[in-house]
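Residue numbers (my numbering): 2 to 160. Inspection log for the structure reproduced underneath, given as structure tokens.
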Amino acid sequence: MIRRIFIAVFIMAIIATAAFAQMHGKMKAIQKMEELKKLKLIEILQLDEGTSIKFFTRRAEHMRRMEEFKDAGKSKIDQIEDLIKDQKENDNPTLTNSLDEYLQFQGDLIKERQNFFNSIREILSPVQMAKFVVFEERFRNEVSDLILRGRNRRLRDKQ
């Protein structure tokens with residue numbers, strides 16, 4: 002019964018998404034994937050409405066912070082790359098400092114992820130947490146595989 006309701010909601014969401022995309026231009030693939038991911042998480046974790054709201058609010062905040070980390074990381078890598086190009090000697094203290102900052106940044110990124118997982122432990126049961134961790138890892142791997150397959154296909158088509 003729950004599965005039928007989920008399938009019906011899922012189909013309505015897809016239809017609504019398609020209609021919205023036609024009316025307001027195409028939605029980005031990432032946004033569509035994120036919506037699908039949310040629906041799958043609701044199904045897999047069997048979230049009720051209140052828990053779902055709490056969970057996705059915290060997850061959205063975490064995603065925002067991770068995006069900030071990603072932007073800062075790109076900036077730091079660009080800075081290191083510029084220092085490499087300008088490097089005249091083997092022992093450059095500015096380069097060493099930038100590397101240390103980048104490594105510290107990577108540690109902070111891991112801490113942010115750990116903080117997120119610790120914060121959702123207040124919302125999810127241990128079984129739900131386990132399901133979430135497994136889902137996240139498998140979803141990330143599947144997306145990476147799809148991207149790599151797409152790139153490989155485009156490379157073969159060009160040859």
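Heads up, the beta-carbon is just placed ideally off N, CA and C, and yes, glycines get one too. Computed from a predicted model, the values in this text were never measured in an experiment.
Could you please give the first and the last residue of the uninterrupted alpha helix (DSSP H) stretch that includes Q47? No alpha helix (DSSP H) contains Q47, which DSSP labels as neither H nor E.
Buried or exposed, going by whether 16 or more other CB atoms sit within 10 Å of the CB of S99? Flag for S99 reads buried.
Report the three-state DSSP secondary structure of S145 (helix, strand or coil). Reduced to three states, the DSSP call for S145 is helix.
To the nearest angstrom, how far is it from the Cα of T52 to the Cα of I31? Distance between the alpha carbons of T52 and I31: 24 Å.
What are the start and end residues of the alpha helix (DSSP H) that includes E123? Counting along the chain, E123 sits inside no alpha helix (DSSP H), nor does DSSP assign it H or E at all.
When we look at the beta-carbon of Q107 and count the other beta-carbons within 10 Å, is it buried (16 or more) or exposed? Exposed, since its Cβ has fewer than 16 Cβ neighbours within 10 Å.
Note down the Cα distance separating R154 from F140, rounded to an integer number of angstroms. Each residue's Cα considered, the two are about 21 Å apart.
Contact belief for L84 with L96 at Cβ below 8 Å, rounded distance in angstroms: About 5 Å; that satisfies the 8 Å criterion.
If you draw a straight line from the C-alpha of E50 to the C-alpha of K86, how long is it? About 53 Å.
Less than 7 Å between the CB of E137 and some heavy atom of the ligand FAD, yes or no? Among the components modelled here there is no ligand, and therefore nothing to report on the ligand FAD.
Could you have a look at Q88 and say whether DSSP puts it in helix, strand or coil? Of the three classes helix, strand and coil, the one that applies to Q88 here is coil, per DSSP.
Cβ-Cβ distance between F70 and I121 below 8 Å: No, the pair does not count as a contact, with Cβ atoms beyond the cut-off.
According to DSSP, is N93 helix, strand or coil? In the structure shown, N93 adopts coil according to DSSP, grouped into three states.
Once DSSP output is grouped into helix, strand and coil, what is the label at K55? Of the three classes helix, strand and coil, the one that applies to K55 here is helix, per DSSP.
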